[in-house]
Amino acid sequence: MPKVTHLECSLCQRQYPSGEVAHLCSCGGPLLVRYDLEAIRKAWSPAQVREGPNNMWRYAPVLPAAEESIVTLGEGMTPLIRARRLGARLGASNLWIKDEGLNPTGSFKARGLSCAVSMAVELGVRKMAIPSAGNAASALAAYAAAAGIEAHIFMPRDVPQANYIECKAFGAFVTLVDGLISDCAKLVAAGAAAEGWYDISTLKEPYRIEGKKTMGYEVAEQLDWQLPDAIFYPTGGGVGMIGMWKAFDEMQSLGWIGGQRPKMIAVQVEGCQPVVRAFERGERRSQFWENASTVAAGLRVPKPLGDFLILDAVQASGGTAIAVSDGELLDAGIQLAREEGIFAAPEGAACVAALEKLLASGFLKPAERMVIYNTGAGLKYLEAYATRFPRANSGEQDKLGGLITPR
Ligand SMILES: Cc1ncc(COP(=O)(O)O)c(C=O)c1O
Ligand SMILES: [Zn+2]
C-alpha cells in the first residue's frame, strides 16, 4: 500500500522528501508527515483495523515506518473506561477515561517513541538523544534498548525517581541537568551537532507525533467511529493534542468520520500555564513561563514549540484552556483512585480537576460525552503522592517492599 508522500511544514507548508532524517523546516516550523490518503482510503477500512494487532500498529497504513522496521513493546489499544462513580459525583453522566498509564513504561510517551525509534531503525540511525521531563526519557530508553540503539538522555535533576531508575535500568546514557527541559534541550542540540545524535526533541522531528496521533484513532474506534463531545488533554509540549487533531482530519479524509470535532480542552497547571495565558489573550504564540514549577512533571514545559498548533486546535474546536493548582490535582487524583480504581499520573489527575471546574462554570453540560486522557500511571509519581500519605517512622529497611533483610 502507498504510504508517506512527503513531509510538510506546519507553518509555511514547504514540502520536504520523506525517508530522510528530518528536523525543523528552514523557517523554524515543525514538519508533519503527509500520506496519500486517497489511495489508503481505497485499500483500507475500519473492518481491517479490527483484524490488526492489538496495539497502535493496527493503524500501520497511516504510520510512517515499514513493517520490517517496527519496534514494538505492545503500546496502544489502552482501555477506554466508563467513569460512572466519578461522573455521578461531578454531574457528568457520559464520562470516560482513556487510561494511557497501561502503556509500556507507564505512559502515553511509549506511542511516540515506538514510532520514532522504528523510524530511526528504518533510517539507519544508531544514536538518539532527547531532553525530557521524565516519561519520554523512560520510553526512549526502553525502545532504544529493544532496538539496540544508543539513547542519550537529558532530564532535570529533580525528575521523578521512577524515570531516572528506568532510564538507568534500560542502559541509557543519562545526564541530570540543573534546570528545566528547556535547558536540557540546549544540551541535546549542542551534543547533536558534536556527536551526531539524532535529536528527537518534541516536534523537532516529525515521527513522535505520528505515534501519539493513534490516541485519536483509538478513541474513535472504541466509540464506534463517533468522536466524543469533549476531550481533556494535559498539555505540556501539546504533542498528543496536535497529533489527535491531525488524526481527526486524516480520518475524515479516509471517510471514517464526519466534520464534527470534540471541544479540545488543554489542561495546564497554575505553576506553568503558557498556553492558558496565550488562549486568554487571544494570541497564537505563547510567552516563556518564568520559574515553572509543579508536581505534574510532564506539564513543566515553559514554552511549547508547537504552541500555535495547540492553540489552533483549541480555538477551531470551540474548546478552552484551563489551569488547576497542584493541590487541586492531587486531590482529584486521589478521588479518581477512590471512585474508579484508576491511579492516575498528576497530569491525568489535573484533567479531573479541570472537569470539575468546567462543569461548575457551565462550559460543559452533564450529558455531553467527555473523554479524559490519563497520560500516565500514578505509580511513576510516588514522591508527589507521598506528600498526601506520609508514613510515620519509615526507615530505609521498610522501603524495600517486604524483603527480609538483616537489620
Ligand atoms: C504523564 C504526562 N502527561 C502529559 C505530558 C505532556 O505531554 P505533551 O507533550 O503531549 O503535551 C507529559 C510529558 O512529559 C507526561 O509525561
Ligand atoms: Zn516552514
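Per the working numbering, the sequence shown runs over residues 9 to 415.
Glycine is no exception: its CB is placed at the ideal position from the N, C-alpha and C atoms.
Source: prediction; values computed, not measured.
{"Asked": "Within 9 Å, strictly: CB atoms of Gly-356 and Gly-109", "Found": "yes"}
{"Asked": "Of the listed residues Ala-149, Gly-219, Gly-248, nearest to Tyr-381 (C-alpha basis)", "Found": "Gly-248"}
{"Asked": "Identified DSSP bridge partners for Tyr-67", "Found": "Answer is none; Tyr-67 lacks a bridge partner."}
{"Asked": "Reference Met-161; option with closest CA among Ala-155, Ala-154, Asn-171", "Found": "The sequence shown places Ile at residue 161, not Met. Of Ala-155, Ala-154, Asn-171, the residue nearest in Cα terms is Asn-171."}
{"Asked": "Arg-399 classed as buried or exposed, judged by whether at least 16 other C-beta atoms fall within 10 angstroms", "Found": "exposed"}
{"Asked": "Complete runs of the beta strand (DSSP E) confined to the segment 177 to 240 [at least 3 residues]", "Found": "181 to 185"}
{"Asked": "Sequence-distant residues of the same chain with beta carbon closer than 7 Å to Ser-209, five excluded per side", "Found": "Ile-138, Pro-139, Ala-193, Val-196"}
{"Asked": "Contacts around Pro-88, its chain only, beta-carbon distance under 6 Å, and the 5 residues preceding and following it disregarded", "Found": "The sequence given here places Leu at residue 88; Pro does not occur at that position. Excluding positions up to five away in sequence, the list reads Trp-104, Lys-106, Gln-230."}
{"Asked": "Collapsed DSSP secondary structure at Leu-367 in the structure displayed", "Found": "helix"}
{"Asked": "8 Å CB neighbourhood of Gly-224 in its chain, flanking five on each side removed", "Found": "Gly-251, Met-252, Trp-253, Lys-254, Ala-255, Phe-256, Met-259"}
{"Asked": "Whole-angstrom distance between Gly-95 and Leu-337, CA atom to CA atom", "Found": "16 Å"}
{"Asked": "Range of the contiguous beta strand (DSSP E) that encloses Pro-164", "Found": "158 to 164"}
{"Asked": "Any non-hydrogen atom of ligand 2 closer than 8 Å to Ser-122 Cβ", "Found": "no"}
{"Asked": "Contacting residues, own chain, Cβ-Cβ under 6 Å from Gly-246 (five flanking each side not counted)", "Found": "Pro-312, Gly-314, Ile-318"}
{"Asked": "By C-beta, the residues closer than 5 Å to any heavy atom of ligand 2, given in chain order", "Found": "Cys-17, Leu-19, Cys-20, Arg-22, Cys-33, Cys-35, Gly-37"}
{"Asked": "Three-pair Cβ contact test at 8 Å for the segment 71 to 79 versus the segment 109 to 120", "Found": "no"}
{"Asked": "Proximity winner among Tyr-43, Cys-123, Ser-77, relative to Met-428 (alpha-carbon distances)", "Found": "Nothing can be reported for residue 428: it is not among the residues displayed for the chain, which extend from 9 to 415."}
{"Asked": "Cβ shell of Ser-301 (< 6 Å), same chain only, five flanking positions each side left out", "Found": "Gly-279"}
{"Asked": "Near ligand 1: Arg-242 beta-carbon under 8 Å from a heavy atom", "Found": "In the sequence under discussion, the amino acid at residue 242 is Pro, which differs from the Arg named in the question. Answer for Pro-242: yes, Cβ within range of ligand 1."}
{"Asked": "When Gln-23, His-31, Gly-120, Gln-56 are compared against Tyr-43, the one with the closest alpha-carbon", "Found": "Gln-23"}
{"Asked": "Sequence-distant residues of its chain with Cβ nearer than 8 Å to Pro-7 (five each side left out)", "Found": "Because the chain is modelled from 9 through 415, residue 7 falls outside the range shown and cannot be assessed."}
{"Asked": "Environment of Thr-328 [buried if 16+ CB atoms lie within 10 Å]", "Found": "buried"}
{"Asked": "Nearest residue (CA-CA) to Phe-178, options Pro-168, Val-129, Ile-157", "Found": "Ile-157"}
{"Asked": "Per DSSP, cross-strand counterpart(s) of Gly-384", "Found": "Ser-115"}
{"Asked": "heavy atom of ligand 1 below 8 Å from Val-284 C-beta", "Found": "no"}
{"Asked": "Start-to-end residues for the beta strand (DSSP E) that takes in Ile-105", "Found": "103 to 107"}
{"Asked": "Distance cut-off 8 Å: Met-249 Cβ against heavy atoms of ligand 1", "Found": "yes"}
{"Asked": "Reduced DSSP secondary structure (H/G/I, E/B, other) of Ile-273", "Found": "strand"}
{"Asked": "Heavy atom of ligand 1 within 8 Å of Lys-221 beta-carbon", "Found": "no"}
{"Asked": "Pick from Leu-19, Arg-92, Arg-49 that is closest to Ala-375, judged by C-alpha positions", "Found": "Arg-92"}
{"Asked": "Distance cut-off 8 Å: Val-196 Cβ against heavy atoms of ligand 1", "Found": "no"}
{"Asked": "Buried versus exposed call for Ala-394 [16 or more other C-beta atoms within 10 Å across all chains shown]", "Found": "exposed"}
{"Asked": "Within 9 Å, strictly: CB atoms of Ala-362 and Ile-342", "Found": "no"}
{"Asked": "Beta-carbon spacing of Ser-325, Lys-373 below 9 Å", "Found": "no"}
{"Asked": "Proximity test, Pro-374 beta-carbon vs ligand 1 heavy atom, cut-off 8 Å", "Found": "no"}
{"Asked": "Whole-Å CB distance - Glu-391 paired with Pro-236, under 8 Å assumed", "Found": "In fact, because the Cβ distance is near 33 Å, the residues do not count as touching under 8 Å."}
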